[in-house]
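In what follows, a structure is listed as structure tokens, so that the remarks can point back to it.
In our numbering, the protein residues as written are 169 to 467.
So this is what it looks like as structure tokens:
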């Protein structure tokens, strides 16, 4: 039993290590990063941490795990893929799941790791390359004339359709329109709650059925273990079967009969006293007669 528990715990530990390793591998996969929104002509729009209006590029993490963008490259020249190397080792370069990071294309990299060494005024393309400097993760070709303080981005975060945006959303969701919540969608589909009731009942009874099967199999397992242990402890009988009844000799029977006779004959003590009751000849009751209480006169 102890060995089985140890093996079970070892299996859980190995599974946790595999899951953790998968998460780490996913967190280092930069192929899910997307160029999501840009602003080339910034006159009175988003400002950087120095209060300056500069061109900026928004990168979106389309994955559901964090990605470290450190070590990757940003460029405005496809022939020079390693133009700006994003420093590593800074926690700010870790893009959260479905999160954003904004780089300022001001040509002043000395202002921080999010300030690029190029601008976007004359750029025809923007590209993001992997840490090896050869694998292109995403590319945006600027083919339309840009407007002042109007951003150009994906209609939906990480989507394929690009257009000029009604609202600039650096570090936020591009689609700022109101969407129906999951509850509202469900109410529209099932206004009377019949479907929800059926789903709830199905979930509850399914859980009960699963628990029944689990506990039944567990009970069978432990009962089988107990039976096997009991059979292992029982002595093995080999050869001829021993007779259940042993034949007794005549001397033993006679001794038993004598003991029973003595026991029955000595149940009561020997009584030597004899009581004799004589009937009174008088018709009246001697108990109420007073003559027996009178003193006899001497003669």
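From the three backbone atoms N, C-alpha and C, an ideal C-beta is built for every residue, glycine too.
Do you know whose CA, among 244, 240 and 370, lies nearest residue 253's CA? Within the chain shown, residue 253 is the residue found at index 85, counting from 1. Looking at the Cα atoms, 240 is the closest of the given residues.
Could you check how far apart the C-beta atoms of residue 273 and residue 222 are, in whole angstroms? I think they sit under 8 Å. Position 105 of the chain shown, counted from the start, is the residue given in the question as residue 273. Position 54 of the chain shown, counted from the start, is the residue given in the question as residue 222. Right, the Cβ-Cβ distance comes to about 7 Å (below 8 Å), so this counts as a contact.
Quick one: using the 10 Å Cβ neighbour count with 16 as the cut-off for buried, is residue 422 buried or exposed? The residue given as residue 422 occupies position 254 in the chain shown. By the neighbour-count rule (16 or more Cβ atoms within 10 Å), residue 422 is not buried but exposed.
Please give the ranges of any beta strand (DSSP E) in the stretch 247-325, keeping only runs that are unbroken, at least 3 residues long and fully inside the region. 268-273, 293-297, 304-309 and 320-322
Where does residue 182 fall in DSSP's three states? Position 14 of the chain shown, counting from 1, holds the residue named residue 182. Residue state, collapsed to three classes: helix.
Could you tell me which residues DSSP pairs with residue 243 in its beta bridges? Here residue 243 corresponds to residue number 75 of the chain shown, with the count starting at 1. Partner(s): 295.
Beta-carbon contacts of residue 343 that lie in its chain and below 6 Å, excluding the five residues immediately before and after: Translated into positions along the chain shown, residue 343 becomes position 175. Here the set comprises 324.
Strand pairing of residue 226, partner residues [DSSP]: Taking the first residue of the chain shown as position 1, residue 226 is located at position 58. Answer is 205 and 270.
For residue 338, count neighbouring Cβ atoms within 10 angstroms of its own Cβ and tell me buried if that reaches 16, exposed if not. As a position in the chain shown, residue 338 is number 170, starting the count at 1. By the 10 Å Cβ count, residue 338 comes out buried.
So, is the C-beta of residue 415 closer than 8 Å to a C-beta in chain D? This model lacks chain D altogether, as it is built from one protein chain only.
Residue 511 versus 302, 290 and 208, residue with shortest Cα-Cα distance: This structure gives no information on residue 511, because the portion of the chain shown stretches from 169 to 467.
Using 8 Å as the threshold, is the stretch 268-283 in touch with the stretch 215-230, meaning 3 or more CB pairs across them? yes
Does DSSP put residue 331 in a helix, in a strand, or in coil? The residue you call residue 331 lines up with position 163 of the chain shown. Three-state DSSP puts residue 331 in a strand.
Can the beta-carbon of residue 307 be found less than 8 Å from the beta-carbon of residue 291? As a position in the chain shown, residue 307 is number 139, starting the count at 1. As a position in the chain shown, residue 291 is number 123, starting the count at 1. Result no, Cβ atoms of residue 307 and residue 291 do not sit closer than 8 Å.
Inspect the beta-carbon positions of residue 263 and residue 235 and report whether they are closer than 8 Å. Within the chain shown, numbered from 1, the residue matching residue 263 stands at position 95. Within the chain shown, numbered from 1, the residue matching residue 235 stands at position 67. Yes.
Given this structure, state the Cα-to-Cα distance separating residue 268 from residue 283, to the nearest angstrom. For the purposes of this step, residue 268 is taken as the residue at position 100 of the chain shown. For the purposes of this step, residue 283 is taken as the residue at position 115 of the chain shown. Whole-angstrom Cα-Cα distance: 15 Å.
Is the beta carbon of residue 202 less than 8 Å from the beta carbon of residue 232? Position 34 of the chain shown, counted from the start, is the residue given in the question as residue 202. Position 64 of the chain shown, counted from the start, is the residue given in the question as residue 232. Going by C-beta atoms, residue 202 is not nearer than 8 Å to residue 232.
Just checking my contact of residue 288 with residue 206 at CB under 8 Å: how many whole Å lie between their CB atoms? For the purposes of this step, residue 288 is identified with residue 120 of the chain shown, where counting begins at 1. For the purposes of this step, residue 206 is identified with residue 38 of the chain shown, where counting begins at 1. At roughly 7 Å, the Cβ-Cβ gap stays under 8 Å, so residue 288 and residue 206 are in contact.
Counting only runs that start and end within the stretch 322-394, where is the beta strand (DSSP E) found for 3 or more residues in a row? 330-332
Since residue 216 contacts residue 317 with CB under 8 Å, what's their CB separation in whole angstroms? Position 48 of the chain shown, counting from 1, holds the residue named residue 216. Position 149 of the chain shown, counting from 1, holds the residue named residue 317. With 8 Å as the limit, residue 216 and residue 317 do not qualify as a contact, their Cβ atoms being about 15 Å apart.
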